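A short write-up of the structure that comes next.
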DNA sequence: CCGAGCTTGTGCACAAAGTCACAAGCATGT
DNA sequence: ACATGCTTGTGACTTTGTGCACAAGCTCGG
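Residue numbers (our numbering), protein chains in the order written: chain A, 110 to 329; chain B, 110 to 329.
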């Protein structure tokens, strides 16, 4: 698609959304141009890293001037594949699931809530955010109607793998797992994990080893 | 405390909580011993990495046998500093804040909710989970009463830095930031960031570059 | 007491990520 | 047209993380 196409390192990919968020803010402030140094400051990283990261997308800067915010924004969206909104289906209407469904931050940033499903008959039919909880049996149909769609697992750990299998079977190709459990998926499916308690434990470590402990880190 | 004390790499620290979770499960199943190979399988990593990670904590395995689950569990909790529960104060009672406050996964894993505070007078006094929302002015008092405590920022991006400053002033030494914004803290304060929309965007990238894309990775 | 069979702990080689420093190149003013 | 001042893009180097392969060492059976 791009004459370029060198492979983008994982560490860089993890930072691109952060740059994207900043570029959107800059564009809203009608700022036309930004230097790598300024971008680095806003992202909390070093300027050389910003330049190297951006160079993987292509040569979009102007020496002596900086980067055109709107143009870079366009290219960044292109690279990240967020040119169109991508609906999200949440599995699990427990505390976490309802929380995620209500969280406006998803829709605001291009990931509207398409549906919430739950295996518990008692929860089916209740309202969560703007949608009504549907039974698991509707999953395949909901996925088909909204493709491409991202699946979010917000169930207890023990059923996470089962849910993942059903998502994959339904045709979902990207999954975000909030359940504290390992899930495996076929190699052509994208999978990421977020474990909230795990983050607190990492903080706990650096808190009790307070000599030279930087708990931050790019990561993601 | 330990004759050992070699510095533990960040990448290893990020994996320790995952091992901890698995060890707790194994202990619940009354499994007395585990090999690095089995642990690796459960954690979704390679066995050599498990052994190297664990070796940073000390020499707790037995050759030809494996690791004693209970003993390793004890040492792991020690290393992570999660020997006692550590209360959490959530700032922001919006969708995300209420969600986190209701999320049982925190309390279940040793991080009980101590309080929720919000700057909006209209929200003060309402109930969230087991607690009542308190005004920001109570923050310092709440922190003092619960030390050591972890602060969780669940506010909109623009006020995140302000909140972080107040948390630090109140004596919090570890902060988990859910707001989509960069916050800086003094070097002796531990800080981690979780941005939910950012995770979805990373998935989006790998979804649109589906050649050889592993969106997973140890991470976090 | 000794040998067989596992599993740990680690040295080493390699891969990935981060940092530095500087040539290349654009814009502006004279 | 040319010199000046900035900022990019990138090659070389450092640091960090990963994976292999194997010696060290434990247990158990005979």
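Even glycine gets a Cβ: it sits at the ideal position worked out from N, Cα and C.
These figures come from a predicted structure and were not determined experimentally.
- If you look at residue 243 of chain B, you'll find it in the beta strand (DSSP E) that goes 240–244.
- Counting C-beta pairs with one atom in each stretch, the region 276–288 of chain A and the region 242–256 of chain A have three or more that are closer than 8 Å, which means they touch.
- Residue 222 of chain A carries a strand assignment under DSSP once its states are collapsed to helix, strand and coil.
- Going by beta carbons, residue 181 of chain A and residue 169 of chain A fall inside the 8 Å limit.
- In the DSSP assignment, residue 171 of chain A forms a beta bridge with A:175.
- Per DSSP, the continuous alpha helix (DSSP H) segment holding residue 317 of chain A begins and ends at 305–317.
- With 16 or more other Cβ atoms from the protein chains shown falling within 10 Å of its own Cβ, residue 308 of chain A counts as buried.
- Here the alpha carbon of residue 119 of chain A sits roughly 33 Å from the alpha carbon of residue 258 of chain B.
- Counting other Cβ atoms within 10 Å of its Cβ, residue 293 of chain A stays below 16 and is therefore classed as exposed.
- Positions of the beta strand (DSSP E) runs, each at least 3 residues long and wholly inside the region 251–285 of chain B, are given as 259–262 in order along the chain.
- Cβ proximity to chain A below 7 Å picks out 151, 152 and 153 from the region 151–176 of chain B.
- Counting only residues of its own chain and dropping the five nearest sequence neighbours on each side, residue 141 of chain B has a CB closer than 8 Å to the CB of 177, 178 and 179.
- DSSP places residue 291 of chain A outside both helix and strand once states are collapsed to three, so it counts as coil.
- Taking C-beta atoms under 8 Å as the contact rule, residue 263 of chain B and residue 201 of chain B qualify, at a distance of about 4 Å.
- Per DSSP, reduced to three states, the secondary structure at residue 229 of chain B is coil, with no helix or strand assignment.
- By the beta-carbon neighbour count (other beta carbons within 10 angstroms, threshold 16), residue 196 of chain A is buried.
- Look at the beta carbons and you see the region 299–313 of chain A touching the region 124–140 of chain B: at least three pairs across the two are nearer than 8 Å.
- Listed as beta-bridge partners of residue 236 of chain A by DSSP are A:241.
- By the beta-carbon neighbour count (other beta carbons within 10 angstroms, threshold 16), residue 289 of chain B is buried.
- Taking 8 Å as the Cβ-Cβ cut-off, the region 271–295 of chain B approaches chain A at 282, 283, 284, 285, 289, 291 and 293, given in chain order.
- The beta-carbon of residue 257 of chain B is placed less than 8 Å from the nearest beta-carbon of chain A.
- In the displayed model, residue 207 of chain B falls within a helix according to three-state DSSP.
- In the three-state reduction of the DSSP assignment, residue 142 of chain A falls in the strand class, which pools E and B.
- At a cut-off of 8 Å between C-beta atoms, residue 310 of chain A counts as an interface residue with respect to chain B.
- In its chain, beyond the 5 residues on either side, 196, 197, 198, 251, 255 and 258 have a beta carbon closer than 7 Å to the beta carbon of residue 223 of chain B.
- For the pair residue 211 of chain B and residue 240 of chain B, the CB atoms are not nearer than the 8 Å cut-off.
- By the criterion of a C-beta distance shorter than 8 Å, residue 126 of chain A is surrounded in its chain by 189, once the five residues flanking it on both sides are discounted.
- Between the alpha carbons of residue 245 of chain B and residue 229 of chain B lies a gap of roughly 9 Å.
- Taking a 10 Å sphere around the C-beta of residue 194 of chain B, we find fewer than 16 other C-beta atoms and assign the residue as exposed.
- The alpha carbon of residue 121 of chain A has as its nearest neighbour, out of A:266, A:159 and A:319, the alpha carbon of A:159.
- Put simply, the backbone Cα of residue 206 of chain A is about 17 Å away from that of residue 217 of chain B.
- Look at the region 134–147 of chain B: it has no residue with a C-beta under 7 Å from a C-beta of chain A.
- Annotation: Cβ neighbours of residue 212 of chain A in chain B (cutoff 8 Å, chain order): 204, 205, 208 and 305.
- Close CB contacts of residue 313 of chain B within its chain, under the 7 Å cut and outside five residues either way in sequence, are absent.
- Closest in alpha carbon position to residue 208 of chain B, among B:150, B:134, B:287 and B:146, is B:287.
- Judged by beta-carbon spacing, residue 271 of chain A lies beyond the 8 Å limit of residue 260 of chain A, meaning their Cβ atoms are not closer than that value.
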